[in-house]
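Following: one structure in structure tokens, then a few remarks.
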Amino acid sequence: MNKNGAPLLGDSRDLFRPKTSDIPAQPGVYKWRDGEGRVIYVGKAKNLRNRLTNYFQPLYQLHPRTQTMVLTARSLEWTVVGTELESLTLEYTWIKEFDPRFNVVFRDDKTYPYLAISSAEHVPRVWVTRSRKRRDTRYFGPYAKVWDLRHSLDRLLKTFPVRTCSQNVYHKAEVTRRPCLLASIGKCSAPCVGRISAAEHRKMCEQLVGVLTGRIGKSYIAQLTREMKEASAELEFEKAARLRDQIQMLSTVVEQNAVVFDSDVDADFFGVESDELEASVHAFYVRAGSIRGERNWSVERVEDVTDEELIADLIVQVYSETAGDTSNVSQSTVVTEQRNAIGSTQTVTATDALARAQATRERNERQGQTGRADLLAPISPVPREVIVPIEPARREELESWLSGLRGGAVNIRTASRGGKKQLLDRANDNARQAMQRSKMSRISDMSARTTAMNDVAKALGLEQAPLRIECYDISNTVGGAFQVASMVVFEDAIAKKSEYRRFAIRGADGQGALDDLSALYETLTRRFRHGNIAGDSGESMDNERRASEQGEQVEKPSVQQNVDRHHFAYKPNLVVVDGGKPQVMAAAKALEDCGVDDVAVCGLAKRLEEVWVPDDDYPIILKRQSEGMYLLQRVRDESHRFAITYHRQTRRKGALRSALDDIPGVGEAYQKRLLNHFGSVRAMREANAEDFEQVKGIGKAKAEAIYQALHARDGQ
1 MNKNGAPLLG DSRDLFRPKT SDIPAQPGVY KWRDGEGRVI YVGKAKNLRN RLTNYFQPLY
61 QLHPRTQTMV LTARSLEWTV VGTELESLTL EYTWIKEFDP RFNVVFRDDK TYPYLAISSA
121 EHVPRVWVTR SRKRRDTRYF GPYAKVWDLR HSLDRLLKTF PVRTCSQNVY HKAEVTRRPC
181 LLASIGKCSA PCVGRISAAE HRKMCEQLVG VLTGRIGKSY IAQLTREMKE ASAELEFEKA
241 ARLRDQIQML STVVEQNAVV FDSDVDADFF GVESDELEAS VHAFYVRAGS IRGERNWSVE
301 RVEDVTDEEL IADLIVQVYS ETAGDTSNVS QSTVVTEQRN AIGSTQTVTA TDALARAQAT
361 RERNERQGQT GRADLLAPIS PVPREVIVPI EPARREELES WLSGLRGGAV NIRTASRGGK
421 KQLLDRANDN ARQAMQRSKM SRISDMSART TAMNDVAKAL GLEQAPLRIE CYDISNTVGG
481 AFQVASMVVF EDAIAKKSEY RRFAIRGADG QGALDDLSAL YETLTRRFRH GNIAGDSGES
541 MDNERRASEQ GEQVEKPSVQ QNVDRHHFAY KPNLVVVDGG KPQVMAAAKA LEDCGVDDVA
601 VCGLAKRLEE VWVPDDDYPI ILKRQSEGMY LLQRVRDESH RFAITYHRQT RRKGALRSAL
661 DDIPGVGEAY QKRLLNHFGS VRAMREANAE DFEQVKGIGK AKAEAIYQAL HARDGQ
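Residue numbering for the sequence shown is 1 to 716, as defined by the working numbering.
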């Protein structure tokens, strides 16, 4: 295995090959880089995991050009997006930006098509275009598939027959009082000859815009879906097929695209994923409506800071580096850059208002000449907007400072809806992916795992490293309903999921609803009184059996573990509980009552991450960035996750109980028959006893029992 836990291939790909399970099975864009950090290939994928694993086949199975690319590469990174359309658009933008040597770049100066509406005209018109030069026009897109766009527009014109002709054709029709062919076939309402007023035509355009923006797109698609089903029910299959194709094409057009905006959007989007010790931050840089680049940082919490303070410190450090002044950087966090996807053309030289105005003028001139933005103009290091998931501390102070750096107003805000919220969610997804990869790299590194176990042993005063750790957590709702507990196992600092166990808390009356300490005591008592656990060495009995067969005397008989998958394995070296001193004392009491005196116990309290041990008035403070602290935190978080998952399953099952469950003699088979016959419990309550006898297998006595049970509340 390489450092990421992936199988070795015997070539340079072993330096960076990710573990397959670490690659998300989501749409996205990936970038291959060479040894100097240059992007050599940009690709898109509907499923990143399926696509990227193809690059790690044996070399002889790859195309020669692909062989050269993967052997030239020294790193691989990916960006998660929401849809296949977003990945296509982002791939297009970054191929134009990075100009990778292994990409086939088409030099035809074309861009993706847009749908334009001349909203400033007295009688607006709609048309498909590849340029965005008119300021009095509203553009929708870009769209990846021009064929689908044209056909969807053709279908939309049947419902919203708005004008599509040029100004010359429209003026000619006004003079001659003869409309064009589109009016004759029902695809234009002919405002040129007065068949519809300008106000009515503008209202129709607004409805078309509503479909394109998604405001009424879903309802329109739902209407077409109903028509398709009605046509199918009437055996009009040709009509149903046409409606099906129309729905598919329209879905492509109204599909949301969160990686492209209007040309005036100038913002940085920061996504954050954090825990008590570290955070991962992913940023998208949007300039002139396009994602010009991305960056990723790993942030270590040197001190106990809130998320609001962490984001404020991050903003200061990121923009201080850009401005070349690090005197304002806080010491409460350590920010380390993990990824920098800022292309060579993205020079952050537009550092004042004059430079930004010049860069904007050059970009507009180039776009007017070529019909597209080349992404060659310098970008401003500080945008007009900074979008963050939560409002940072000292927001007004930060806005004033950033405004001074930019030479213009800067607004720091959160996004709650719309395209900006979608891109912020994409940034959060990528921060979450980076956080998972960071933690998995620690697990895969053998030296880091060894250091972690030694740190824990040293802090707790253990004679040897805890090779087997068990952690317990309690989960319930308010009032103790659906109370459960979890047990997770780590061996050699790696989760061993085959030995995870879960407990339904019973209590004295069998209903649970205990306080957390009593529930923890019950859980540990059930675990360590189970079978031959106490004194179990975990060693095989083969040697002892062989010695007995040869008639040799065994000095110290082994206590064999029960290897059945329904039982516990051998006892741990360390028991960790989620909580502080009270939880630790309850766990120590449970082990003492079970006669277990050779297992260490500790607890990890949230927020301050204090380590508590029994009979000690003060906690043990580990270094926040030590490998031992990361191991204990990982064990605690995994037990919490496992407990929450089981609790949700239990609660969901409890919520699904039906009024039929408590009727004697009515099991699952009879419930299915009753529901298939009546459709719902409400319909059963409206039925009489004779109606129940119509169900197969239900006689008069059982029908009367069901009727009485369903109406017992009415009788009371």
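We put the CB at the ideal spot given by N, CA and C, even for glycine.
All values derive from a computational prediction rather than experimental measurement.
Under 9 Å between the Cβ atoms of A409 and R384?
-> Working through the sequence shown from its first residue, we reach residue 409 at position 409. Working through the sequence shown from its first residue, we reach residue 384 at position 384. It is a contact, given that the beta carbons lie within the stated cut-off.
Option in A687, T129, R202 with minimal Cα separation from R150 | In the sequence shown, the residue the question calls residue 150 occupies position 150. Among A687, T129, R202, the Cα nearest to that of R150 belongs to T129.
Are the Cβ atoms of L460 and V611 separated by less than 9 Å?
-> Within the sequence shown, residue 460 is the residue found at index 460, counting from 1. Within the sequence shown, residue 611 is the residue found at index 611, counting from 1. Result yes, Cβ atoms of L460 and V611 sit closer than 9 Å.
Can you tell me which of F482, A493, F56, Y472 puts its alpha carbon nearest to the alpha carbon of Y521?
-> On the sequence shown, residue 521 is found 521 positions in, with the first residue counted as 1. Residue Y472 is the option with its Cα nearest to Y521.
Could you check where the alpha helix (DSSP H) with H677 kicks off and where it finishes?
-> One-based indexing of the sequence shown puts residue 677 at position 677. Taken as a continuous stretch (DSSP letters only), the alpha helix (DSSP H) holding H677 covers 668-678.
Evaluate contact between the region 46-53 and the region 13-30, counting only Cβ atoms and requiring at least three cross-stretch pairs below 8 Å.
-> yes
Three-state secondary structure assigned by DSSP to V146 = Counting from 1 along the sequence shown, the entry for residue 146 is found at position 146. In this structure, V146 counts as helix in the three-state DSSP scheme.
Use the C-beta contact count for N476: other C-beta atoms within 10 angstroms, 16 or more gives buried, fewer gives exposed.
-> As a first step, residue 476 is located in the sequence shown; it is residue number 476 there, counting from the start. Per the 10 Å Cβ criterion, buried.
Which residues does DSSP pair with I387 in a beta bridge?
-> For this step, residue 387 is matched to residue 387 along the sequence shown. DSSP output for I387 lists F269, R413 as bridge partner(s).
Drop a sphere of 10 angstroms on the beta-carbon of L243, count the other beta-carbons inside from all chains shown, and report buried for 16 or more, exposed for fewer.
-> Here the question's residue 243 lines up with position 243 in the sequence shown. Looking at its Cβ environment, which holds 16 or more other Cβ atoms inside 10 Å, L243 is buried.
Near Y285, which residues of its chain fall below 6 Å by C-beta distance, leaving aside the five closest residues on each side in sequence?
-> Taking the first residue of the sequence shown as position 1, residue 285 is located at position 285. Hits under 6 Å: D268, R292, G293.
Beta-carbon spacing of T137, S166 below 9 Å | As a first step, residue 137 is located in the sequence shown; it is residue number 137 there, counting from the start. As a first step, residue 166 is located in the sequence shown; it is residue number 166 there, counting from the start. Not in contact: T137 and S166 (Cβ atoms no closer than 9 Å).
Residues sharing a beta bridge with S475, DSSP = To locate residue 475, count along the sequence shown from 1; it is residue 475. S475 pairs with V484.
Given Y92 as reference, the closest of E77, R74, S75, P113 once Cα atoms are compared = The residue given as residue 92 occupies position 92 in the sequence shown. Looking from the CA of Y92, the closest CA among E77, R74, S75, P113 belongs to P113.
Could you work out which residue in E686, G697, M204 is closest to Y707 when comparing CA atoms only?
-> Numbered from its first residue, the sequence shown carries residue 707 at position 707. Of the listed residues, the one whose Cα sits closest to Y707 is E686.
Measure the Cβ-Cβ separation of V42 and P100 and say whether it is below 9 Å.
-> As a working mapping, residue 42 is identified with position 42 in the sequence shown. As a working mapping, residue 100 is identified with position 100 in the sequence shown. Yes, the pair counts as a contact, with Cβ atoms nearer than the cut-off.
Where the beta strand (DSSP E) containing H282 begins and where it ends = Position 282 of the sequence shown, counted from the first residue, corresponds to residue 282. Residues 278-287.
Rounded Cβ spacing between R33 and I40 (contact assumed at less than 8 Å) = As a first step, residue 33 must be located in the sequence shown, where it is residue number 33. As a first step, residue 40 must be located in the sequence shown, where it is residue number 40. R33 to I40, Cβ: 7 Å. Contact.
Indicate whether the contact test is met: 3 or more Cβ pairs, each with one atom in the region 192-210 and one in the region 151-163, closer than 8 Å.
-> yes
Run of the beta strand (DSSP E) containing I117, from where it starts to where it stops | Here residue 117 is taken as the residue at index 117 of the sequence shown, counted from 1. 114-117 is the span of the beta strand (DSSP E), which, as asked, contains I117.
Considering only residues of the same chain and omitting the five flanking positions on each side of D564, which have a CB-CB separation below 7 Å?
-> Position 564 of the sequence shown holds residue 564. Confidence in D564 is poor, its pLDDT being 49 and thus under 50, which makes the residue's placement unreliable; the coordinate value appears in the next sentence. Nothing listed; no residue qualifies.
Hey, how far is the Cα of C602 from the Cα of R648?
-> In the sequence shown, residue 602 corresponds to position 602, counting from 1. In the sequence shown, residue 648 corresponds to position 648, counting from 1. Each residue's Cα considered, the two are about 27 Å apart.
L460: first and last residue of the uninterrupted alpha helix (DSSP H) it sits in = Mapped onto the sequence shown, residue 460 falls at position 460. The continuous alpha helix (DSSP H) containing L460 extends over residues 446-460.
Would you tell me roughly how many angstroms separate the C-alpha atoms of K3 and G210, rounded to the nearest one?
-> Sequence index remark: in the sequence shown, residue 3 carries index 3 (1-based). Sequence index remark: in the sequence shown, residue 210 carries index 210 (1-based). One C-alpha to the other measures close to 51 Å.
Does DSSP put V162 in a helix, in a strand, or in coil?
-> Walking along the sequence shown from the start, residue 162 turns up at place 162. Three-state DSSP puts V162 in coil, outside helix and strand.
Decide if the region 273-282 is in contact with the region 610-630; the criterion is three or more beta carbon pairs, one per stretch, under 8 Å apart.
-> Three or more Cβ pairs closer than 8 Å define a contact, and the region 273-282 meets that threshold against the region 610-630.
From T184 to A190, what distance separates their C-alpha atoms?
-> Reading the sequence shown from its first residue, position 184 is the one you call residue 184. Reading the sequence shown from its first residue, position 190 is the one you call residue 190. In the sequence as presented, Thr is not what sits at residue 184; that position holds Ser. Cα to Cα, S184 sits roughly 9 Å from A190.
Local Cβ density within 10 Å of R417, reported as buried at 16 or more and exposed below that = Counting from 1 along the sequence shown, the entry for residue 417 is found at position 417. Counting other Cβ atoms within 10 Å of its Cβ, R417 stays below 16 and is therefore classed as exposed.
Since I believe A495 is in contact with E638 (beta carbons under 8 Å), could you give me their beta-carbon distance rounded to a whole number of angstroms?
-> Position 638 of the sequence shown, counting from 1, holds the residue named residue 638. Position 495 of the sequence shown, counting from 1, holds the residue named residue 495. With 8 Å as the limit, E638 and A495 qualify as a contact, their Cβ atoms being about 6 Å apart.
Return the Cβ separation of S75 and F140 in integer angstroms, given the expectation that the two are a contact with Cβ distance under 8 Å.
-> The residue you call residue 75 lines up with position 75 of the sequence shown. The residue you call residue 140 lines up with position 140 of the sequence shown. Not quite, the Cβ-Cβ distance comes to about 37 Å (not below 8 Å), so this is no contact.
First and last residue of the uninterrupted beta strand (DSSP E) at R502 = Taking the first residue of the sequence shown as 1, we reach residue 502 at position 502. Secondary structure note for R502: its beta strand (DSSP E) is the uninterrupted segment 501-504.
Going by beta carbon distance, what residues of the same chain come within less than 6 Å of A689, once the five residues before and after it are set aside?
-> As a working mapping, residue 689 is identified with position 689 in the sequence shown. A703, E704, Y707, listed in sequence order.
Backbone CA spacing between A569 and S680 [nearest angstrom] = Here residue 569 refers to the residue found at position 569 of the sequence shown. Here residue 680 refers to the residue found at position 680 of the sequence shown. If I take the Cα positions, the gap works out to 47 Å.
Nearest-angstrom Cα separation, counted from E97 out to V739 = No information on residue 739 is available, as it lies outside the stretch 1 to 716 that the chain covers here.
Could you tell me the boundaries of the beta strand (DSSP E) in which F140 lies?
-> Counted from its first residue, the sequence shown places residue 140 at position 140. Counting along the chain, the unbroken beta strand (DSSP E) around F140 starts and ends at 138-140.
Would you mind working out which of Q583, Y618, S274, D11 sits nearest L515, comparing C-alpha positions?
-> One-based indexing of the sequence shown puts residue 515 at position 515. Sequence inspection shows Asp at residue 515; the Leu mentioned does not correspond to that position. Looking at the Cα atoms, Q583 is the closest of the given residues.
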